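Let me begin by presenting the structure, written as structure tokens, before commenting on it.
Numbering (my numbering), first residue to last: 1238 to 1418.
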């Protein structure tokens, strides 16, 4: 229902009606819509820190020659999260650029976590002389925006990719060429 109508438009009454359960039963599992959204997004929120940590460790040891491999590993780790949670990912992507409301606070928190992690990784790569360009926040935001737009279009069926790893490789290559030292 959230994918069809958006988080804010869906009511608890609609949720329990579609689920065929009593309203009291809903509250045994979640205190409200906000907690339900947290539960829905939990697999993504739990997968991000380990992907970022592995990338951070790779960047700490990387040189210019191995940098593409570090970012390909990040892309692969993130692809695993998306592949295992396509509907949750699509919900996040559909909602992450809408105004923050209480029931969508978990979406905003996840967006902030993704953005902060990407900025930290970009700053680390810049500090190590592996990337160039403007401020870390700017290039990280551009990359996140492009990747999220492509991913949402793919999850909506607007683009086909026979091999998602080919898309990963092309995106990593384009970004690194643009930010190469």
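Glycine residues also receive a C-beta, built at the ideal position from the N, C-alpha and C atoms.
Please read these numbers as outputs of a predicted model, since none were measured by experiment.
Limits of the unbroken alpha helix (DSSP H) element including residue i
| i | result |
| --- | --- |
| residue 1289 | 1270-1298 |
| residue 1255 | 1249-1256 |
| residue 1323 | 1323-1332 |
| residue 1266 | 1260-1266 |
Assigned exposure category for residue i - 16 Cβ within 10 Å defines buried
| i | result |
| --- | --- |
| residue 1270 | buried |
| residue 1258 | exposed |
| residue 1341 | buried |
| residue 1297 | exposed |
| residue 1376 | buried |
| residue 1373 | buried |
| residue 1289 | buried |
| residue 1246 | exposed |
| residue 1383 | exposed |
| residue 1355 | buried |
| residue 1312 | buried |
Cβ neighbours of residue i in the same chain (closer than 8 Å, five flanking residues each side left out)
| i | result |
| --- | --- |
| residue 1249 | 1260, 1263, 1269, 1270 |
| residue 1393 | 1327 |
| residue 1278 | 1325, 1328, 1329, 1343, 1344, 1347 |
| residue 1280 | 1318, 1321, 1322, 1325 |
Where residue i sits in the DSSP three-state scheme
| i | result |
| --- | --- |
| residue 1381 | helix |
| residue 1302 | coil |
| residue 1337 | coil |
| residue 1243 | coil |
| residue 1352 | helix |
| residue 1396 | coil |
| residue 1309 | helix |
| residue 1238 | coil |
Residues of its chain near residue i, where Cβ-Cβ distance is below 7 Å and the 5 sequence neighbours each way are ignored
| i | result |
| --- | --- |
| residue 1413 | 1304, 1305, 1308 |
| residue 1324 | 1240 |
| residue 1293 | 1358, 1361 |
| residue 1335 | 1341 |
Nonlocal neighbours in the same chain, by C-beta distance under 6 Å from residue i, ignoring five residues either side
| i | result |
| --- | --- |
| residue 1337 | 1345 |
| residue 1333 | 1344, 1348 |
| residue 1287 | none |
| residue 1275 | 1343 |
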